[in-house]
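Residue numbers (the UniProt record's numbering): 1 to 302.
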C-alpha cells in the first residue's frame with residue numbers, strides 16, 4: 001500500500017496500491033483489513049521497518065500496525081547486494097536509487113521465504129511484531145534492535161546539523177577511538193546490557209549527565225568516545241543532575257597525571273566537569289576549554 005508520495009501513474013508504476021486513505025493509521029488498518037478479506041485480491045507486501053538501512057548491523061524495530069491486519073503473516077527475508085556502489089544511501093530519493101539500479105552492472109536480490117507465523121492466543125500486536133522481528137534477525141544473522149524509523153530520521157537530522165558546524169581548531173585533536181564492543185547475539189537483553197556497560201563508563205567521566213541521556217546517545221553512536229565528545233561539545237542537550245549527583249568523588253590529580261602519562265610538576269586537572277563555583281586551584285583556573293576536554297579524554301581512556 002502507498003503510505004505517502006504522489007498518487008497516480010508514478011505510484012502505480014512503482015508497484016504501490018492506492019487505497020484512497022488519507023486519514024489516521026486506524027483508518028488505514030481498517031481499509032487493509034477490508035482489502036485482505038476478499039479472497040481474490042493479491043496478498044499485501046508490507047515493510048514493518050518503514051525505512052531502509054545498510055542491513056549489516058541490525059533490524060530496525062518493527063512497527064506493530066502491519067501485524068494487526070491478519071492473525072497470520074508470511075515473513076520474507078530480503079538481502080540486496082551490489083558491486084562497488086551502496087544499495088541504499090541515507091536521504092536519497094527513490095528516483096536516485098532507481099537510476100543507480102539502471103546504471104550499475106548488476107544487483108543481486110536474495111529472497112528467502114520463512115514458514116508462516118500465526119498469532120498466539122491473546123498476543124498483542126506489539127509482541128507479535130517483536131517475535132517476527134527476532135525470527136528474521138536470526139535468519140539474516142544481524143541484531144534485533146529497538147531503534148525505530150523515527151530514531152533514524154532524528155539521527156539523520158543531527159548529522160545534517162553537525163555537518164554545518166564550524167571546524168574545530170587545528171590544535172584540538174580527536175581522541176583515540178576506544179575499541180567498540182562487538183555486536184551481541186540477537187536478543188534484547190544482551191543488547192541492553194552492552195549499552196548499560198558503556199553508559200557506566202561515560203557516567204564515570206561525566207557524572208553530571210543523566211544516565212538516560214547517555215543511553216539514548218549510545219544507542220545512536222555505539223561508541224563511548226563519540227558520546228563523550230557529543231556531550232562535551234554541546235551536540236546533545238541535557239539538564240545536569242542535582243548537586244549531590246555532580247559532587248561524586250573524582251580521582252586524584254596525581255592518579256590522573258600518572259594514567260595519562262603527563263610529565264612535569266604540574267598536576268593534571270580533575271575529571272569532574274566544571275561547575276559554576278570558582279576553582280580552588282590556580283592551575284585549574286588557567287586551563288583552556290580544550291585542555292579540560294583533553295584531560296577528560298585521557299581519563300576516559302584509562
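Where is the CB? At the ideal position from N, CA and C, for every residue including glycine.
Exposed unless 16 or more other CB atoms sit within 10 angstroms - verdict on residue 234: Burial check for residue 234: the Cβ neighbour count within 10 Å stays below 16, so the residue is exposed.
Simplified DSSP state of residue 39, which is helix, strand or coil: Residue 39: coil per DSSP, three-state reduction.
Own chain partners of residue 97 with C-beta closer than 6 Å, once the 5 adjacent residues on each side are dropped: Here the set comprises nothing.
Beta-ladder partner(s) of residue 100, from DSSP: DSSP lists no partner for residue 100.
For residue 59, three-class secondary structure by DSSP: Residue state, collapsed to three classes: strand.
Residue 295 versus residue 203 - alpha carbon distance: Those two C-alpha atoms are separated by around 15 Å.
Beta-carbon proximity of residue 137 to residue 58, cut-off 8 Å: Yes, they are a contact pair.
Cross-strand partners of residue 229 (DSSP beta bridge): DSSP lists no beta-bridge partner residue for residue 229.
Simplified DSSP assignment, three categories, for residue 118: Residue state, collapsed to three classes: strand.
Between the CA atoms of residue 62 and residue 148 - distance to the nearest angstrom: Taken atom to atom, the span from the alpha-carbon of residue 148 to that of residue 62 is near 7 Å.
Beta carbon of residue 106 nearer than 8 Å to that of residue 67: One thing to note: residue 106 has its Cβ no nearer than 8 Å to the Cβ of residue 67.
Beta carbon of residue 152 nearer than 8 Å to that of residue 51: Less than 8 Å divides the Cβ of residue 152 from the Cβ of residue 51.
Proximity below 8 Å, CB of residue 195 to CB of residue 228: No, these two residues do not count as a Cβ contact at 8 Å.
Nearest neighbour of residue 82, chosen from 75, 95, 144, 55 [CA to CA]: Answer by Cα proximity: 55.
Helix, strand or coil at residue 82 according to DSSP, with G and I counted as helix: In the displayed model, residue 82 falls within coil according to three-state DSSP, outside both helix and strand.
Residue of 139, 161, 215, 36 minimising C-alpha distance to residue 76: Here the closest residue by C-alpha is 139.
Option nearest residue 207 by Cα separation, candidates 91, 220, 239: Restricting attention to 91, 220, 239, the CA atom closest to the CA of residue 207 is found in 239.
Chain C within 8 Å of residue 32, Cβ atoms only: Here chain C cannot be found, since the structure has a single protein chain.
Residue 114 versus residue 231 - alpha carbon distance: Residue 114 and residue 231 have their C-alpha atoms spaced approximately 43 Å apart.
Range of the contiguous beta strand (DSSP E) that encloses residue 74: In the DSSP annotation of this structure, residue 74 is not part of any beta strand (DSSP E), being labelled neither H nor E.
Best match in 200, 199, 219 for proximity to residue 154 [C-alpha to C-alpha]: The candidate whose alpha carbon is nearest that of residue 154 is 219.
Residue 142: CB within 7 Å of a non-hydrogen atom of the ligand NAP: Within the structure as shown, the ligand NAP is missing, as the structure has no ligands at all.
Nonlocal neighbours in the same chain, by C-beta distance under 6 Å from residue 72, ignoring five residues either side: Hits under 6 Å: 116, 118.
Contact check, residue 332 vs residue 214, beta carbons under 8 Å: Given a span of 1 to 302 for the chain in the structure shown, any question on residue 332 remains unanswerable.
Same chain, Cβ closer than 8 Å to residue 125, five either side skipped, listed in chain order: Annotation for residue 125: 64, 65, 67, 68 place their beta carbon closer than 8 Å to its own, counting only its chain and skipping 5 residues before and after.
Classification of residue 91 by the beta-carbon crowding that lies within 10 angstroms, buried from 16 upward: That one is exposed.
Residue from 49, 25, 156, 104 whose Cα sits closest to the Cα of residue 146: Residue 49 is the option with its Cα nearest to residue 146.
Spatially closest choice to residue 133 from 47, 161, 193, by CA coordinates: The residue with the shortest Cα to Cα distance from residue 133 is 47.
Rounded C-alpha distance that separates residue 177 from residue 80: Reliability fails at residue 177, whose pLDDT of 46 lies under 50, so the model's placement of it is uncertain and no value is given.
Cutoff 8 Å; reference residue 86; Cβ partners in own chain excluding five residues on either side: These residues qualify, in order along the chain: 54.
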